[in-house]
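The sequence shown begins at 314 in the numbering used here and counts up by one.
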Amino acid sequence: MKNRLKVLRAMRDWSQQDLAERLGVSRQSVNAVETGRYDPSLPLAFRIADVFSLPIEEIFERDE
314 MKNRLKVLRA
324 MRDWSQQDLA
334 ERLGVSRQSV
344 NAVETGRYDP
354 SLPLAFRIAD
364 VFSLPIEEIF
374 ERDE
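Here's what the structure looks like:
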C-alpha cells in the first residue's frame, strides 16, 4: 500500500519519533509503514488519519 506519511510528517517538521509518540507506536513501526514494509492495522490507520486531520483515503492508496 502506498502512503503519503513521510510527506505529511515532513510538512509538520515532525521526526519519526514525534509521530510515533503521537500514535502510541514505536519509531520502527512508523518507519515500516512509511517505507511500505508494513501495512497498518485499521485502528492504526484511523489514528494516523486523526493525527493529520485527513481522511484515510488522502493518506493511503492501494497498489494497483
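Even for Gly, the Cβ is constructed at its ideal location relative to N, Cα and C. Here the structure is a predicted model, which means the values were calculated and not measured.
The alpha helix (DSSP H) enclosing residue i, as first and last residue numbers
i      : result
Leu336 : Gln329 to Leu336
Ser342 : Arg340 to Glu347
Leu357 : Leu355 to Phe365
Met324 : Leu318 to Met324
Of the residues the options, the one placed nearest residue i, counting alpha carbons only
i      : options                   : result
Asn344 : Phe359, Asp363 and Trp327 : Trp327
Contacting residues, own chain, Cβ-Cβ under 7 Å from residue i (five flanking each side not counted)
i      : result
Gln330 : Arg340
Beta-carbon contacts of residue i that lie in its chain and below 6 Å, excluding the five residues immediately before and after
i      : result
Leu336 : Arg360
Leu332 : Arg322 and Val343
Where residue i sits in the DSSP three-state scheme
i      : result
Glu377 : coil
Beta-carbon proximity list for residue i, same chain, < 8 Å, skipping 5 on both sides
i      : result
Pro368 : Ala362
Val338 : Leu357
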